[in-house]
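Colleague:
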Amino acid sequence: MSADCVELEESAPPWHGPYALRAFRHRNYTLLYFGQLISLSGTWLQGLSLPYVTFTLTGSKLLLGIVAAAGMLPSLIITLPSGVIADRFSKRRIVIITQILLMMQALTLAVLTFTHSLQVWHIIALAAFAGFASAMDLPTRQAMIVELVGKEDLANAIALNSTMFNLTRIASPFVGGVVLALVGPAWCFMVNAFSYLGAIIGLLMMRNVRARKQASKDESMTAQILEGFGHVWDNKLTRTMLILQSVSTLMIGQYVIFFPVYALKIYEVGAMGQGAMTAAVGLGALAAAMIVSSLGHRYQLKDIVIVGGVLAPLGLIGLALCGSFYASLACLVVVGIGMMSFTASANTIMQMEAPDSLVGRVMSVRALVLFGLGAPGAVMLGRLSELKYIGVSGTLLICSTVALAATIYFSLTLAKSKQADSQSNIRAASVIEKSTD
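All residue numbers for the sequence shown refer to the numbering used here, where the first residue is 81 and numbers rise by one.
#1: Kindly indicate which residue of A426, N427, A103 and F114 has the alpha-carbon position closest to the one of L284.
#2: Rounded to whole angstroms, how far is the Cβ of F338 from the Cβ of Q354, which I believe are closer than 8 Å?
#3: State the Cα-Cα distance for the pair S326 and S374, rounded to the nearest angstrom.
#4: Less than 8 Å between the CB atoms is what I'm expecting for V415 and L322, so what's the real figure, rounded?
#5: Taking the C-alpha atoms as reference points, what is the distance between T475 and L401?
#6: Do you know offhand how far E89's Cα is from R107's?
#7: With a threshold of 7 Å on Cβ separation, who are the neighbours of A367 within its own chain once the five nearest residues in sequence on each side are excluded?
#8: Can you check which of these residues, M301, G389 and R102, is closest to L228 by C-alpha distance?
#9: Any chance the segment 153 to 168 sits against the segment 226 to 246, with 3 or more Cβ pairs inside 8 Å?
#10: Within 8 Å, do at least three Cβ pairs link the segment 451 to 468 to the segment 424 to 438?
#11: Within the chosen definition, does the segment 238 to 251 reach the segment 179 to 195 through at least 3 CB pairs nearer than 8 Å?
#12: Short of 6 Å in beta carbon distance, which residues of its chain neighbour A150, apart from the five on each side in sequence? Order them along the chain.
#13: I need the straight-line Cα distance from T220 to Y406, nearest angstrom please.
#14: What is the rounded straight-line gap between the Cα of P94 and the Cα of I225?
#15: Would N288 be called buried (16 or more neighbouring beta carbons within 10 Å of its own) or exposed?
#16: For T428, which residues in the same chain have their Cβ closer than 7 Å to its Cβ, ignoring the five residues on either side in sequence?
#17: Which residue from E348, N272 and L409 puts its Cα closest to that of L130?
#18: Quick one: using the 10 Å Cβ neighbour count with 16 as the cut-off for buried, is T358 buried or exposed?
#19: Which residues in the same chain have their Cβ closer than 6 Å to the Cβ of A486, if we skip the five residues on either side of it in sequence?
#20: Answer yes or no: do L396 and S480 have a C-beta to C-beta separation smaller than 8 Å?
#21: Considering M331, what are the terminal residues of the alpha helix (DSSP H) in which it resides?
#22: May I have the straight-line CA-CA distance separating F55 from L412, to the nearest angstrom?
#23: Using a Cβ-Cβ cut-off of 6 Å (strictly less than) and excluding sequence neighbours within five positions of L156, which residues of its own chain qualify?
#24: Going by beta-carbon coordinates alone, are F269 and Q116 separated by less than 8 Å?
#25: Buried or exposed for L137, going by 16 or more other Cβ atoms inside 10 Å?
#26: Rounded to a whole number of angstroms, what is the C-alpha to C-alpha distance between G278 and I118?
#27: With C-beta atoms as the reference, is A266 less than 8 Å away from A190?
#28: Decide if A74 is buried, meaning its Cβ has at least 16 other Cβ atoms within 10 Å, or exposed.
#29: Counting C-beta neighbours from all protein chains within 10 Å, is the total for T195 16 or more, i.e. buried, or is it exposed?
#30: Check G278 in the structure and name its three-state DSSP category.
#31: Measuring straight from C-alpha to C-alpha, what distance separates I488 and G122?
#32: Output the distance between the C-alpha atoms of G362 and D383, rounded to the nearest integer angstrom.
#33: For the alpha helix (DSSP H) containing Q199, list its first residue and its last residue.
#34: Let me confirm a value: Y335 is counted as buried when at least 16 other C-beta atoms fall within 10 Å, else exposed. Which label applies?
#35: Figure out for me which residue from W124, L330, I470 and R173 has the closest Cα to the Cα of V259.
Shown next, in the form of structure tokens:
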């Protein structure tokens, strides 16, 4: 291990503030957090504008799914190797490179849009390019957090990240809706490009970035990928979290592709309405993140996962059945609460259960689920919604019901497993007691 990759500091600075902000006692994490806060603000602007531009150019709901899929399919190729790379090399340097690549992608979108040269194939190709960079960025960034705060503050840091994620989700769509309506999507893409400078500068300002135990560089990449899969499958709790996230991602993970349809066709509320729908999800998720960061240490993370896994599909079922724009916003707040509680808690569990040298690979397996299954999920939702007797609302109703059933099933499985473990412990204690008599 090189001189700049030594053990994590033995003791973190004392923290006398609210428990919900405890992870901010780590300077490097604070830099990562606020740099990403700036970057994500721009990312949400682009996330609002890209499907809007796609639907405006084509009028096709199927192409909304195809563009979303193009951004996620690269994860099938690069995510698993990226986990090995994250476990072998400096995570900070990897994230700096990915941020530069994503900035280039946003600049290209802006230039093409400003010059009125943007075509559908440009959108698909640039979405795929961003998918490659994001597939490297996501597992590396997530594995980096535990190096910055340690496992003691990991759950708090992940909840704070979710708070930041959803603060920008609330604010940026409203701002983006105004910018989109007044001056068009090109400025949204341009703002996103420059917002990456916040993340890059924050990463460059870090001092004494210390790595935990790293994976061997001598072992083959294939063997190390298989080692990561082996841990995920052999650990019962990690395996259950992954299966639940797989079902959720495939069935309801890409519900946001329908926001332009609801905003432009069903409710006829335009770009501002689309921004309000995105912000409603963010508002619910922000509320959940604040609760989890403040009180999450008092409850079992498994229980929070189950509650979130029930609330999210119930909210989408409500969205499918309601006929009012304002009622749909209330349903989307519930979706945000459920999604945040579910994903953040499952993420924390998987990192807590992983050895230090495997965190990157475990996060890459999780990212493979989020991006890899999201792609066919997006196409499936788009295709189902175009069937005459199903439509957008019918698609949400069917897929949300499947996700809800899966959560209920696995919650019962976890409960039975916990009961069986308790009985085994009682029997073991009884045997020990008899042997000592």
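Backbone N, C-alpha and C define an ideal beta-carbon position, used for all residues, glycine too.
Modeller: This is what the structure holds:
#1: F114
#2: Wrong, their Cβ atoms sit about 10 Å apart, outside the cutoff.
#3: 28 Å
#4: 22 Å between Cβ atoms; not a contact.
#5: 11 Å
#6: Per-residue confidence for E89 stands at a pLDDT of 43, beneath the threshold of 50, marking its modelled position as unreliable; the derived number appears in the next sentence. Cα to Cα, E89 sits roughly 12 Å from R107.
#7: I417
#8: R102
#9: no
#10: no
#11: no
#12: I204, A207 and A208
#13: 39 Å
#14: 19 Å
#15: exposed
#16: L234, A235, I238 and L381
#17: N272
#18: buried
#19: V327
#20: yes
#21: K316 to I332
#22: The requested residue 55 is not part of the displayed model; the chain covers only 81 to 517.
#23: G452
#24: no
#25: exposed
#26: 6 Å
#27: yes
#28: In the structure as shown, the chain starts at 81 and stops at 517, and residue 74 therefore has no counterpart that could be examined.
#29: exposed
#30: helix
#31: 37 Å
#32: 22 Å
#33: Neither: Q199 is in no alpha helix (DSSP H) and is coded neither H nor E.
#34: buried
#35: W124
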